[in-house]
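Residues 368 to 530 (the numbering used here) make up the sequence shown, in order. Quick reminder that beta carbons are idealized off the backbone N, C-alpha and C, glycines included. Computed from a prediction, not measured in an experiment: that's the story for all the values here. Data block below; observations after.
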Amino acid sequence: MHRIAVVPGSFDPVTLGHLDVIERAAGLFDEIHVLVVHNPDKHALLPISERVSLLERAITDSGMSGSIQVASWNVGLLVDYCTDVGATVLVKGIRSQIDVAYETPMAIVNRNLAQVETIFMLPDPGHAHVSSSLVRQVAALGGDVAPYVPSVVAEFLQGESTD
Ligand code: PNS
């Protein structure tokens, strides 16, 4: 059986924590779709197309192996995308009890809606404190985001701040 998993998120921007989860998910499934989803609860920094482009370049640069593709989704339910591509599993990175509280209802609803299971993956401890919102804040205030993001993202944000 060909197992397909979706790794969804805002990826605004992709962090080293995200890449860690994507790489480990790619080791568990035959095919991974990294899906950039518009989250209406968050004020976006980057357009979806830019997030997709940075993700693609970061995944290529990292040299990670496996069948990994990047896509975006902004029409309808996340599980509709899963059904369209034949994915049966969602993979989410979990850093804290706050993430568990946020993700648990969504996991239950997604299973009820379309029998899509959610797997929670613990981050590498080195990335447990990293979030896109922290990166956005550090970048906006002129700090160095290089320890938290792939180099393509650090270079992109650096270019943005000097424009
Ligand atoms: O990186 P984020 O912002 O924590 O990602 C959250 C995201 C986009 C994955 C989450 O908001 C989500 O799953 N959205 C899908 C919308 C949806 O299908 N909702 C109904 C069932 S939960």
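Would you decide whether Lys459 is buried or exposed? Buried here means 16 or more other CB atoms lie within 10 Å of its CB.
buried
Cβ pair Ala481, Val452 closer than 8 Å:
no
Check: Val516 C-beta below 7 Å from any heavy atom of the ligand PNS
no
Below 8 Å, how does it come out for the stretch 431 to 442 and the stretch 387 to 394: are there three or more Cβ pairs, yes or no?
yes
With which residues is Gln436 paired in a DSSP beta bridge?
His400
Nearest-angstrom Cβ-Cβ length linking Ile389 and Ile399, presumed shorter than 8 Å:
7 Å
Pull up the distance between the alpha-carbon of Val497 and that of His369, whole angstroms please.
32 Å
Alpha-carbon to alpha-carbon, Thr427 and Glu527
22 Å
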